[in-house]
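Comments concern the structure below.
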Ligand SMILES: Cc1cc2nc3c(=O)[nH]c(=O)nc-3n(C[C@H](O)[C@H](O)[C@H](O)COP(=O)(O)O)c2cc1C
């Protein structure tokens, strides 16, 4: 049995998630970043996480050769950043404050939490690639998360 496209999307949309901005750098050292909710923890020992990147995203050829990426988990005040890094802009980083993780990837200011990851595997899967990262560095602050549910942004009520 194959599932109807619209039904499949409506099922997936009911899985509430946080939102990340995944950042990496190309061979020239130029920053790339993309809003991604297809993020998951994967392993505790060793510490591994994964992100799923669409094959047609600008980020796809960049992570295909990069050695690292960072995951920026957004706080509830950062909806504009989420929209910015999913939109069509020449330079998504213009005016966006950031520092750098141990491996050089952009850590955006005021995120809820971040992880600097070394790429250890890439698995093509359908129209996405699953990129697995070993966590080399991380940080967090006390704030509330930005959420995504049924195609819209949401916040924790309490
Ligand atoms: C809330 C949200 C979550 C998203 N999650 C993902 C994701 O997990 N993987 C992905 O490939 N694209 C995801 N996207 C879409 C990308 O952010 C968007 O297609 C991409 O930034 C387009 O970039 P490009 O123009 O550089 O190709 C998401 C977009 C939004 C708004």
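Residue numbers (this note's numbering): 14 to 171. Ideal Cβ positions, reconstructed from N, Cα and C, are used throughout, including at glycine.
Coarse secondary structure for residue i, derived from DSSP in three states
i           : result
residue 75  : helix
residue 80  : coil
residue 135 : strand
Distance cut-off 7 angstroms: residue i Cβ against heavy atoms of ligand 2
i          : result
residue 98 : Looking for ligand 2 in the displayed structure turns up nothing; the ligands present are ligand 1.
Sequence-distant residues of its chain with Cβ nearer than 7 angstroms to residue i (five each side left out)
i           : result
residue 130 : 62, 81, 82, 83, 84, 146, 147, 148, 149
residue 101 : none
Proximal residues to residue i (C-beta, below 6 angstroms), its chain only, five neighbours per side dropped
i          : result
residue 54 : 62
Given residue i as reference, the closest of the options once Cα atoms are compared
i           : options       : result
residue 105 : 114, 44, 125  : 44
residue 171 : 101, 159, 164 : 159
residue 40  : 32, 15, 74    : 74
Nearest-angstrom Cβ-Cβ length linking residue i and residue j, presumed shorter than 8 angstroms
i           : j          : result
residue 64  : residue 46 : Their Cβ separation, rounded to whole angstroms, is 12 angstroms, which puts residue 64 and residue 46 out of contact at 8 angstroms.
residue 67  : residue 37 : 15 angstroms between Cβ atoms; not a contact.
residue 153 : residue 88 : In fact, because the Cβ distance is near 10 angstroms, the residues do not count as touching under 8 angstroms.
Residues that residue i bridges to, as DSSP identifies them
i          : result
residue 24 : Paired residues: none, contrary to the question.
Sequence-distant residues of its chain with Cβ nearer than 8 angstroms to residue i (five each side left out)
i          : result
residue 77 : 135, 142
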